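Worksheet: one structure, shown below.
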Amino acid sequence: MTQPSREHYNAAHKVLQYLDHTRDTHLQYGSNKQQDFLMAHSDVNWASDATAQCKSSSGSAVFVCGNLVAWKSALQCCTALLAVEAEFVAATEAAQEVLFFKHLVKAIRIDVGIPTIFSDNTGTIQVSKDPAQHWKLKHIDTKYHFIRDNVQDRKVRIKYINTIDNLADLFTKLVGKTTLQRA
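Taking my numbering, I'd label the letters of the sequence shown as residues 723 to 905.
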């Protein structure tokens, strides 16, 4: 940094304070037999960014044995006409990520079964499971039909999760303290 300002100093000071106050906080990874071996949560904040021509924000979180191993928060590259379309795009991105991890653990000879993707949008689940529903989204780029093809081929499954329990919410919108503590 060539010209640090008071603002930079204050930001660095806050980071150091955070690290000092969370010194005893740590991540603990273990096995959770109650959950699927491999699963992902996906969510979207539809048309949330007016500065980016009303693009939607996608968020996803991938879990192995109940432990967070990957997450993503990004603006979608397409402008979704419907909330279900934005959720469909987010679910497709989560499916790509979860299948990457499936192939990764398969390389070390661990069979993970069929990973589950959780979505809080029933329309997305319906379109992903039923090819007859494609007319609702046939205007979107074919690459986003990846999830539908993988659900049909039983490579992933998609299930409903209540918005309150959707951990990908953390990556798409501002959440309160209680939501953060629950996660």
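Note that the Cβ used here is the ideal one computed from N, Cα and C, for glycine as well. All values reported here derive from a predicted model rather than from experimental measurement.
When you compare only the Cα positions, how much space is there between residue i and residue j?
| i | j | result |
| --- | --- | --- |
| residue 870 | residue 847 | 9 Å |
| residue 738 | residue 834 | 40 Å |
| residue 812 | residue 850 | 12 Å |
| residue 736 | residue 726 | 15 Å |
| residue 746 | residue 878 | 38 Å |
| residue 899 | residue 885 | 16 Å |
| residue 786 | residue 758 | 8 Å |
| residue 872 | residue 824 | 13 Å |
| residue 818 | residue 769 | 22 Å |
| residue 805 | residue 892 | 18 Å |
Is residue i buried or exposed, if buried means 16 or more other CB atoms sit within 10 Å of its CB?
| i | result |
| --- | --- |
| residue 734 | exposed |
| residue 897 | exposed |
| residue 822 | exposed |
| residue 760 | buried |
| residue 829 | exposed |
| residue 866 | buried |
| residue 750 | exposed |
| residue 732 | exposed |
| residue 838 | buried |
| residue 775 | exposed |
| residue 814 | buried |
| residue 729 | exposed |
| residue 842 | buried |
| residue 744 | exposed |
Could you pull out every residue in the same chain whose Cβ sits closer than 6 Å to the Cβ of residue i, ignoring the five residues on either side in sequence?
| i | result |
| --- | --- |
| residue 802 | 778 and 808 |
| residue 840 | 763, 881 and 883 |
Apart from the five residues on each side of it in sequence, which residues of its chain come closer than 7 Å, Cβ to Cβ, to residue i?
| i | result |
| --- | --- |
| residue 890 | 763, 764, 765, 781, 782 and 783 |
| residue 844 | 882 |
| residue 798 | 777, 778, 780, 808 and 811 |
Report yes if the C-beta of residue i is less than 7 Å from at least one heavy atom of the ligand NAD; otherwise report no.
| i | result |
| --- | --- |
| residue 733 | No copy of the ligand NAD occurs in the structure displayed, which carries no ligand at all. |
Between residue i and chain C, is there a C-beta pair that is closer than 8 Å?
| i | result |
| --- | --- |
| residue 866 | The chain labelled as chain C is not found in the depicted structure, where only one protein chain is given. |
Could you tell me which residues DSSP pairs with residue i in its beta bridges?
| i | result |
| --- | --- |
| residue 882 | 841 |
| residue 763 | 783 and 840 |
| residue 792 | 784 |
| residue 989 | Only positions 723 to 905 of the chain appear in the structure, and residue 989 is not among them; the question remains open. |
In three-state terms, what does DSSP make of residue i?
| i | result |
| --- | --- |
| residue 895 | coil |
| residue 821 | helix |
| residue 750 | coil |
| residue 850 | helix |
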